[in-house]
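Below is one structure; the comments refer to it alone.
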Amino acid sequence: SALASRDRPVVVLLGGWDMGEDYGDILPASGPDVRAAITYGAAGARIARALEGAVRVVRAEALEDAVGAARREVRPGDAVLLAPACSSFDAFSGYEERGRRFVTLARGGD
Numbered sequence: 013s014a015l016a017s018r019d020r021p022v023v024v025l026l027g028g029w030d031m032g033e034d035y036g037d038i039l040p041a042s043g044p045d046v047r048a049a050i051t052y053g054a055a056g057a058r059i060a061r062a063l064e065g066a067v068r069v070v071r072a073e074a075l076e077d078a079v080g081a082a083r084r085e086v087r088p089g090d091a092v093l094l095a096p097a098c099s100s101f102d103a104f105s106g107y108e109e110r111g112r113r114f115v116t117l118a119r120g121g122d
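If you count the sequence shown from 1, you need to add 12 to reach our numbering.
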């Protein structure tokens with residue numbers, strides 16, 4: 013639903029703890045203005061395989077790497093969307109910690 017509600021081109025970050033979801037249906041409503049899907053974490057490789065051919069996929073190891081990859085993919089006016097589609101427990105104590113870390117990284121912090 014996060015992808016369906018956007019109003020401008022987006023680079024989306026997807027990943028985290030793989031809970032066995034079907035990732036193949038993440039993008040159908042997104043249309044052609046998803047510039048790239050940055051996949052990371054324990055589920056990153058599986059998400060990347062599910063999205064091959066539907067969108068440009070860039071693999072990253074961790075959230076920090078994913079934000080760096082998003083910086084390289086994003087264009088002026090685009091949004092960077094953290095819509096992981098996965099649990100955060102592969103690297104964080106919960107979604108709140110992951111969200112705070114994303115905000116810090118997106119603002120250029122360590």
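Just so it is clear, CB atoms sit at the ideal spot from N, CA and C, and this is done for glycine as well. Remember, it's a predicted structure, so these values are computed and weren't measured experimentally.
Query                                                                                                                                       : Result
Are the CB atoms of Ala91 and Arg20 nearer to each other than 7 Å?                                                                          : yes
Looking at C-alpha atoms only, which residue of Ser99, Arg87, Arg61 and Asp45 is the closest neighbour of Gly36?                            : Arg61
Confirm, please, whether the CB-CB distance from Ala74 to Tyr52 is below 7 Å.                                                               : yes
Hey, out of Ala16, Val23 and Ala55, whose CA is closest to Pro88's CA?                                                                      : Val23
Under the DSSP definition of a beta bridge, which residues are partnered with Arg71?                                                        : Thr51
In its own chain, which residues sit with a C-beta less than 8 Å from the C-beta of Phe114, not counting the 5 before and 5 after it?       : Leu25, Leu75, Val79 and Leu94
Leaving out five residues before and five after Leu63 in sequence, what residues of the same chain have Cβ atoms less than 6 Å from its Cβ? : Ala49 and Val69
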